[in-house]
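**Q**
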Amino acid sequence: MHQDNQMSGYAAASRDSTYRQDDLDLLDVIAQLWRGKIIILSTMLIALLLACGYLAVVKEKWTSSAIVTLPAAGQVANYNAALSVLYEQNPRDKPALGELQQQLFGRFSASMSALASELKNQGEPQSLTVEPVSQNSNDSLRFAFVPVQQKRRKKRLTAISVK
Numbered sequence: 000m001h002q003d004n005q006m007s008g009y010a011a012a013s014r015d016s017t018y019r020q021d022d023l024d025l026l027d028v029i030a031q032l033w034r035g036k037i038i039i040l041s042t043m044l045i046a047l048l049l050a051c052g053y054l055a056v057v058k059e060k061w062t063s064s065a066i067v068t069l070p071a072a073g074q075v076a077n078y079n080a081a082l083s084v085l086y087e088q089n090p091r092d093k094p095a096l097g098e099l100q101q102q103l104f105g106r107f108s109a110s111m112s113a114l115a116s117e118l119k120n121q122g123e124p125q126s127l128t129v130e131p132v133s134q135n136s137n138d139s140l141r142f143a144f145v146p147v148q149q150k151r152r153k154k155r156l157t158a159i160s161v162k
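Residue 159 in numbering that gives the first Met the number 0 sits at position 160 of the sequence shown; the count goes up by one each step and never skips.
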């Protein structure tokens with residue numbers, strides 16, 4: 000019986016020693032980090048300087064883009080109901096729902112294309128592109144707008160530095 004207790008004592012000691020070998024000592028990790036503080040701080044400083052240099056050199060360019068699709072029947076339901084009231088005397092003249100959707104989308108597309116042309120013809124031209132999402136379908140458009148902020152900032156900086 001004594002021998003069994005002694006064996007189990009050795010097994011417990013063996014488990015404790017392997018547990019201690021696998022255990023992570025927090026103070027040891029902190030000490031190793033403290034010894035490498037020069038390397039850590041210099042790496043952080045180099046990364047910070049590179050990031051600041053990149054931000055000073057890179058040109059800002061903001062782009063806003065959207066894809067607009069043909070309106071759903073529920074989106075034009077109120078307009079369709081109003082047309083039903085207007086065309087009450089001649090219901091055959093009222094456009095069908097699909098035709099109404101195409102008309103609204105066509106008007107929207109034409110007005111956005113006119114706006115794009117107007118923005119290009121300004122004293123300070125801006126870029127609004129209107130193009131179909133796919134060449135085969137005419138029911139969705141992609142819009143992209145790039146504002147001209149960089150030129151304004153340069154003008155302000157020049158005006159401030161001249162004063």
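Ideal Cβ positions, reconstructed from N, Cα and C, are used throughout, including at glycine.
1. What's the C-alpha gap between L114 and L127?
2. Can the beta-carbon of L69 be found less than 8 angstroms from the beta-carbon of D138?
3. Which of the three DSSP states, helix, strand or coil, is assigned to V56?
4. If you count every other CB in all the chains shown that lies within 10 Å of the CB of L47, and 16 or more means buried, which is it?
5. When the Cα atoms are used, what is the spatial distance from K36 to K58?
6. Give every residue of the same chain whose Cβ lies closer than 8 angstroms to the Cβ of D92, excluding the five residues on either side of it in the sequence, and list them in chain order.
7. Just curious, the beta strand (DSSP E) that A95 is in, first and last residue?
8. To the nearest angstrom, how far is it from the Cα of A30 to the Cα of L40?
**A** Reading off the structure:
1. 8 angstroms
2. yes
3. helix
4. exposed
5. 35 angstroms
6. Y86
7. No beta strand (DSSP E) holds A95; DSSP gives it neither H nor E.
8. 15 angstroms
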